[in-house]
Amino acid sequence: MSNTDYYIKSYCSIKNQRVSLNGSILFKDESKSYIDFIKATYKNQNVKYPKFFKMDNLSKLAFLAADVLLKNEELNTESENNIAIVFSNSASSLDTDRKHQESIQNKESYYPSPAVFVYTLPNICIGEISIKYKLYSENSFFIFDNFNADHLFTYSNSLLSSNKADAILCGWVEFDKEDNYEAFLYLVSDKGNIKHTKQNITTLYNT
Amino acid sequence: MTDILISHNNIISSLGFTSESVVKNIHNEISGLQFIDDQAILPEPFYTSLVPTDKLQLAFNKLNPKKDYTRLEQMMITSLDKVIMSSKIDLNNRVGLIISTTKGNIDALDNDNPFPKERAYLSELGKQVKDFFGFKNDAIVVSNACVSGILAVAIAKRYIEQGVYDHVFITSGDVITEFILSGFNSFQALSNQPCKPYDKNRSGINIGEVAASVLVTNESRNLPAETVKILGEGSCNDANHISGPSRTGEGLLRSMASAFEQSGVLPNEIDYISAHGTATLFNDEMEAIAFNRMQLEQVPLNSLKGYFGHSLGASGLVETIVGMHSIKNNTLYKSLGFETLGVTKPINVIKQTTVKKLRTFLKTASGFGGCNTAVIFQINN
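Taken in order, these protein sequences are the chains called A and B. All the letters of the first sequence, read from the start, carry residue numbers 665 to 871 under our numbering. All the letters of the second sequence, read from the start, carry residue numbers 3 to 383 under our numbering.
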């Protein structure tokens, strides 16, 4: 099967209090906590999507990274965009899992909440992005120890070569504890300047 | 193109520790659900199905474990061992491992759990299973809510098609924990009665505990009689709501359409649908709408949740295995708990276990995050 015809069209990262798109920094904010930083990013990027504030930390991160990337694509939202979403991370939804566990740990202060529990699944952030961009497309969430370019490469090729999707929004969205967050997303399709190879994925991730 | 097959299989559950014993119990309309009234677990009484601990321990200890394993790891390893042994496949670098789970060892987060909290990382679960058997490749962990089990089958097929692997072992499972029960209970989704999928008098979900394992392979030798071909698959999003099923069944419809297109099979060639049927009003209604839109309303259909409850990350896989045995046995199994149609569109719920020639079946599942998966299987001959 030929895997040579696909390209990385664009890429985005949110880490170390910086948001960058295709290698250029769009926004940085040195001094604040994750919560403050992500809110500042939302404002700076002029997102205007009130549902954002109900999301958990992981969904906020994934949502903003996807928004920065997809906004830049100037998609025609009148017609359908068959963009699959393939995400991965190491901590799954553990940040929210810990919050739910805290709410049930003591019988004396027992307060489980559906608004928290719904986010105890990593793929909820895929749902949030799908809703915003009306993506009725293939989607899956994988868990790996570390960023796994091999897997993302194989799975994107599979979806594109079997015509399950026209493009793949792909990458790593991690939120573990307060200072441990990182999003790196990229868009794969048959257009672009950077060849879709494992090496190029790894290089972009590490820059 | 070579056929991709789903072959050797095992189920560890309240209804037995082999697929055959589980299917025999289903044939006899025996449910594995039991009533639990224990305030230490949940303030309200509920129904569930549990893997019997003493039997699990006995089976697991026969594998000579060298250290301590969590309950979920014991279930998955015991189940996967049977599949590896019967497949006689050498675990070389052409063999992949997929773990399907929604919450993994989430009970390790509990302060009273003897395992370190780090055990709750899903890659840790993958490592434990990988190392126990000595797989050469790292586990691919799929955690995509309640479609994980059936999505894992689609992913295995895609990896084989891409030429990365020749064989992929899948093991799937979730354990009954206070974590999960309290969460579903906060949604007021749990039933204090045995669940009644698609029924007018349904009262909600039962969560159950299962581990299920299969081999997906391009190898045509040493296959069990229940082996089926995986013809096509799709996994599409509702783009509608993060916890509520779509009112139009859009994502499920698109998943099925994608699977049909790839398989070359037409809706009127489907002999049986193994549906999701959680026994919540919105889920059952959504499925009925989607099946009608796909013109599948006359195809015999069941939900197996009345036998095991909803086994989360394992449900799609355990239900696929029962579907494979349905084809082998040419038998449509009763959708336990169903009496009177309780959805607004017509669907053909199986009221009585019936012998019928079967060739092709469709498995579907839907879950939180708006995810849906459909896979079409056909008899291998």
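Idealized CB from N, CA, C, for every residue including glycine. All values reported here derive from a predicted model rather than from experimental measurement.
Nearest-angstrom Cα separation, counted from residue j out to residue i
i: L785 of chain A; j: I162 of chain B; result: 27 angstroms
i: M78 of chain B; j: N94 of chain B; result: 20 angstroms
i: N667 of chain A; j: L851 of chain A; result: Bear in mind that a pLDDT of 46 at N667 of chain A, under 50, signals an unreliable position, so the number given afterwards is only what the model happens to contain. If you take the alpha carbons of N667 of chain A and L851 of chain A, they lie about 16 angstroms apart.
i: I152 of chain B; j: K696 of chain A; result: 42 angstroms
i: V170 of chain B; j: R96 of chain B; result: 9 angstroms
i: M665 of chain A; j: V53 of chain B; result: A caution first: M665 of chain A carries a pLDDT of 46, below 50, which makes its placement in the model too unreliable to give a value.
i: G376 of chain B; j: R160 of chain B; result: Gly is not the amino acid found at residue 376 of chain B; the sequence shown has Ala there. Distance between the alpha carbons of A376 of chain B and R160 of chain B: 14 angstroms.
i: N753 of chain A; j: H860 of chain A; result: 20 angstroms
i: N1 of chain B; j: G372 of chain B; result: Outside the shown range of chain B (3 to 383) lies residue 1 of chain B, about which nothing can therefore be said.
i: I6 of chain B; j: L733 of chain A; result: 36 angstroms
i: C197 of chain B; j: K724 of chain A; result: 36 angstroms
i: N870 of chain A; j: F848 of chain A; result: 10 angstroms
i: G369 of chain B; j: K138 of chain B; result: 32 angstroms
i: V324 of chain B; j: L314 of chain B; result: 16 angstroms
i: I793 of chain A; j: K69 of chain B; result: 42 angstroms
i: E846 of chain A; j: S684 of chain A; result: 12 angstroms
i: S801 of chain A; j: S743 of chain A; result: 14 angstroms
i: Q130 of chain B; j: E75 of chain B; result: 7 angstroms
i: A730 of chain A; j: S677 of chain A; result: 10 angstroms
i: L816 of chain A; j: V750 of chain A; result: 7 angstroms
i: G128 of chain B; j: P348 of chain B; result: 42 angstroms
i: K771 of chain A; j: E287 of chain B; result: 36 angstroms
i: A281 of chain B; j: S248 of chain B; result: 15 angstroms
i: S23 of chain B; j: I8 of chain B; result: 19 angstroms
i: R121 of chain B; j: D273 of chain B; result: 43 angstroms
Test item: CB-CB of residue i and residue j under 8 angstroms
i: V782 of chain A; j: I178 of chain B; result: no
i: S145 of chain B; j: L111 of chain B; result: no
i: S328 of chain B; j: L360 of chain B; result: yes
i: K84 of chain B; j: N12 of chain B; result: yes
i: N208 of chain B; j: H312 of chain B; result: yes
i: E299 of chain B; j: N194 of chain B; result: no
i: I157 of chain B; j: I91 of chain B; result: no
i: Q681 of chain A; j: N113 of chain B; result: no
i: F102 of chain B; j: Y309 of chain B; result: Residue identity check: residue 102 of chain B is Ser in the sequence provided, not Phe. Not a contact, by the Cβ cut-off of 8 angstroms.
i: T55 of chain B; j: N107 of chain B; result: no
i: F134 of chain B; j: I275 of chain B; result: no
i: K828 of chain A; j: S260 of chain B; result: yes
i: K365 of chain B; j: T333 of chain B; result: no
i: I14 of chain B; j: T104 of chain B; result: no
Neighbour flag for residue i against chain A, beta carbons, 8 angstroms
i: G315 of chain B; result: no
i: D112 of chain B; result: yes
i: L153 of chain B; result: yes
i: G318 of chain B; result: no
i: I142 of chain B; result: yes
i: G253 of chain B; result: yes
i: V166 of chain B; result: yes
i: Q264 of chain B; result: yes
C-beta neighbour in chain B for residue i, strict 8 angstroms
i: Y819 of chain A; result: yes
i: K828 of chain A; result: yes
i: V782 of chain A; result: yes
i: K724 of chain A; result: no
i: P786 of chain A; result: yes
i: F806 of chain A; result: yes
i: S756 of chain A; result: yes
i: P778 of chain A; result: yes
i: E846 of chain A; result: no
i: K798 of chain A; result: yes
i: S674 of chain A; result: no
i: M665 of chain A; result: Low per-residue confidence applies at M665 of chain A: pLDDT is 46, beneath 50, and the placement is therefore not dependable, though the value from the model is reported in the following sentence. Yes, contact with chain B.
i: Q863 of chain A; result: no
i: E842 of chain A; result: no
i: E802 of chain A; result: yes
i: G791 of chain A; result: yes
Bridge partner(s) assigned by DSSP for residue i
i: I699 of chain A; result: BP columns for I699 of chain A are empty, so no partner.
i: F839 of chain A; result: A:Y845
i: C834 of chain A; result: A:V750, A:Y850
i: I232 of chain B; result: B:F379
i: I689 of chain A; result: A:S684
i: E211 of chain B; result: Paired residue(s): none; E211 of chain B is not in a bridge.
i: N239 of chain B; result: B:C373
i: F363 of chain B; result: B:Y274, B:F379
i: S150 of chain B; result: Answer by DSSP bridge pairing: none, since S150 of chain B is not bridged.
i: D92 of chain B; result: DSSP, once it has assigned bridges, lists no residue as partnering D92 of chain B.
Curious, which full-length alpha helix (DSSP H) runs of at least 4 residues does the segment 169–196 of chain B contain?
Counting only runs of at least 4 residues, the segment 169–196 of chain B fully encloses the following alpha helix (DSSP H) elements, listed from N- to C-terminal order: 180–188.
Residue ranges of each beta strand (DSSP E) run of no fewer than 3 residues wholly in the segment 30–76 of chain B, ordered along the chain?
Counting only runs of 3 or more, we get 36–38, 48–51.
Would you list, in sequence order, the uninterrupted beta strand (DSSP E) runs of no fewer than 3 residues that lie entirely inside the segment 249–323 of chain B?
For the beta strand (DSSP E) assignment, the uninterrupted runs of no fewer than 3 residues enclosed by the segment 249–323 of chain B are, from N- to C-terminal side, 274–276, 302–304.
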